[in-house]
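Sequential numbering from 92 applies to the sequence shown in the numbering used here. Glycine included, every Cβ here is placed at the ideal spot set by N, Cα and C. Being a predicted model, the structure only gives us computed values, none of them experimental. Notes to accompany the following structure.
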Amino acid sequence: MNIYDFLPIRLLLGGAYWLVTTLSDLLAPLAGANGAALAIVVLTIAVRCLLIPVGLSQVRAGITRRRLAPKIAELQTKHRNNRQVLQEKLMALYREENASPFAGCLPVLAQTPVLMAVYGLFVQVTIGGQANELLGHTLFGIPLSSSLVGLIGSGSLTWVSGTLFAILIILIAVIAGLSRHLLTPPIPETATTASGRAASAGSGPGQGTMPDLTQMTRMLSFMPFITAVIAAFVPLAATLYLLTTTAWTLGERLVINRALGVDHTGAPREL
């Protein structure tokens, strides 16, 4: 079954197709044959502008996590041998503080439909019952529907296409490294983490501790690097989307942190 035949996704793809083709035509006088590629970048920026409130909520969630960290540590230590009670106490704390432990995942989740649409635009032969004209668009002569892995597998990789993909993927990886260095709070070995591991190792079934938020922080900090790997497998158009959104995320977080007067750990910035 083709997931793009599912009605909501089909409607999403049809709307995205109209947007990209319209933008491509509008940008053709400026970008020429690269109009569709520029349209993807412009569309990505437009989507990220709409998602600025989500990015703001992510930063505020980080501030909340820092503020709640002592209380969470106390609960984890107190109830380390009873996972069920620990979960109940943590959920009660989040409700009391009007917070969510998963708020940091919102930007990734919010962008998933967009990435799915961009991917579909350059792999579907037909959209809305008509031939997909976007499959014929290129960037510097390289089809936007081609992927690095696909070109290597078919033996069609040239030095031009290889260089372009290498530049894009390296840029994603570099931005990912900067993001992890500048935006990810340090994750030191804490008493809570150590006691949680000890409890998990020494307890019976069902008695382990609930994974603390450092695990989530670690996973989220590696997401940009995973993006660089994904970029090698998706169409060139989707790679452009990934590069643009990764760069936007870095810039947006730096601006929001400065506007809120906090550093990358969520602590007040020293003047």
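Could you pull the start and end residues of the alpha helix (DSSP H) that residue i belongs to?
i, result
"S245", "239-245"
"G227", "Careful: G227 lies outside any alpha helix (DSSP H) and carries neither H nor E."
"G211", "197-212"
"E179", "174-187"
"G352", "No alpha helix (DSSP H) contains G352, which DSSP labels as neither H nor E."
What is the DSSP secondary structure of residue i, reduced to helix, strand or coil?
i, result
"G219", "coil"
"A282", "Annotation note: pLDDT 43 at A282 (below 50); position unreliable, coordinate value reported separately. A282 falls in the helix class under three-state DSSP."
"V150", "helix"
"V235", "The residue asked about is misnamed: residue 235 is Leu in this sequence, not Val. The answer is coil: DSSP assigns L235 none of H, G, I, E or B."
"L142", "coil"
"P99", "helix"
"V251", "helix"
"P120", "helix"
"P359", "strand"
"F324", "coil"
"S291", "In this predicted model, S291 has a pLDDT of only 45, less than 50, meaning its place in the structure is not dependable; the value taken from the coordinates is given anyway. Correct three-state label for S291: helix."
"G297", "Because the pLDDT at G297 is just 43, under 50, the model does not fix this residue reliably, and the point stays unresolved."
Buried or exposed for residue i, going by 16 or more other Cβ atoms inside 10 Å?
i, result
"N223", "buried"
"V209", "buried"
"A183", "exposed"
"E188", "exposed"
"R171", "buried"
"H228", "buried"
"Q175", "exposed"
Expressed to the nearest angstrom, what Euclidean distance is found between the alpha-carbon atoms of residue i and residue j?
i, j, result
"G246", "A323", "15 Å"
"T249", "A338", "27 Å"
"I278", "R157", "Residue placement at I278 is poorly supported in this model, since its pLDDT is 49, which falls under 50; the coordinates still yield a value, given next. For I278 and R157, the distance between alpha carbons rounds to 12 Å."
"I258", "A267", "14 Å"
"P144", "L200", "14 Å"
"F97", "L104", "10 Å"
"D116", "L341", "30 Å"
Look at the Cβ atom of residue i, then the Cβ atom of residue j, and state whether they are nearer than 9 Å.
i, j, result
"L242", "A328", "no"
"V138", "V214", "no"
"L225", "L212", "yes"
"L274", "R344", "yes"
"L141", "L129", "no"
"G220", "V251", "no"
"S148", "L197", "yes"
"L239", "T330", "yes"
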